[in-house]
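Peer 1: Residues -10 to 86 in the working numbering are what the sequence shown lists, from first letter to last.
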Amino acid sequence: MTITVTGGTLPQAEINAYVAELKAANPDKYIKTVDFIIDGEYVDMKYTYDNVPFERIRRITGYLVGTIDRFNDAKRAEVQDRVKHSVDCGCSLEEIA
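(1) What residue does the beta strand (DSSP E) around I27 start on, and which one ends it?
(2) Starting from R65, trace the alpha helix (DSSP H) in both directions and tell me its first and last residue.
(3) For F25, count the other beta carbons within 10 Å of its own beta carbon; 16 or more makes it buried, fewer makes it exposed. Which is it?
(4) For I57, report the span of its beta strand (DSSP E) as first-last.
(5) What residues match up with R48 in a beta bridge as DSSP calls it?
(6) Looking at the unbroken beta strand (DSSP E) that takes in V32, where does it start and where does it end?
(7) Look at the alpha carbon of Y31 and the alpha carbon of T(-5), and state the distance between them as a whole number of angstroms.
(8) Return the CA-CA distance between G51 and Y38, expressed in angstroms with no decimal places.
(9) Please name the residue, chosen from Y36, V23, G55, that lies closest to F43 on a Cα-to-Cα basis.
(10) Among N40, V23, I27, which one has its Cα closest to the Cα of N5?
Now the structure itself:
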C-alpha cells in the first residue's frame, strides 16, 4: 500500500487510524493507494483499491473445481471424454427476427 501526504504533515498514529478505518469499512478489498490532502484543519482522503484475485470455478464430473491438477488419471480421462452440448434451433437469423 502506498501512502502519500500533501499540503502538510500528519502524525503516524492518525494515518494508521484512517487506514484502519478504511480496512474495517471494506474488509474484502485490497487498498492500493491512500492520498491525504491537508487543507488547514481539514484532511481529504482519496484511495484506490487493487484488483481482487478471481478464480474461475466450474462443475466438472460432479465436482466444483478451479483446476483439474489434483484429479487422478481416471478423472482426467473423464474430463477429456466430455461432450459439450450446444443449442441449435435449425433456423436462420432472418427467420428469428
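Even glycine gets a Cβ: it sits at the ideal position worked out from N, Cα and C.
Every value quoted in this text rests on a predicted model; they were computed, and no experiment measured them.
Peer 2: Checking against the coordinates, here is how it stands:
(1) Residue range 19 to 28 is occupied by the beta strand (DSSP E) that includes I27.
(2) Per DSSP, R65 belongs to the alpha helix (DSSP H) from 62 to 69.
(3) With 16 or more other CB atoms across the displayed protein chains lying within 10 angstroms of its CB, F25 is buried.
(4) Premise fails: I57 is in no beta strand (DSSP E) and is neither H nor E.
(5) In the DSSP assignment, the residues bridged to R48 are L53.
(6) Under the DSSP assignment, V32 falls in the beta strand (DSSP E) whose first and last residues are 31 to 39.
(7) Between the alpha carbons of Y31 and T(-5) lies a gap of roughly 12 Å.
(8) So the alpha carbons of these two residues sit roughly 36 Å apart.
(9) Ranking Y36, V23, G55 by CA distance to the CA of F43 puts G55 first.
(10) When the alpha-carbon of N5 is set against those of N40, V23, I27, the nearest one is in V23.
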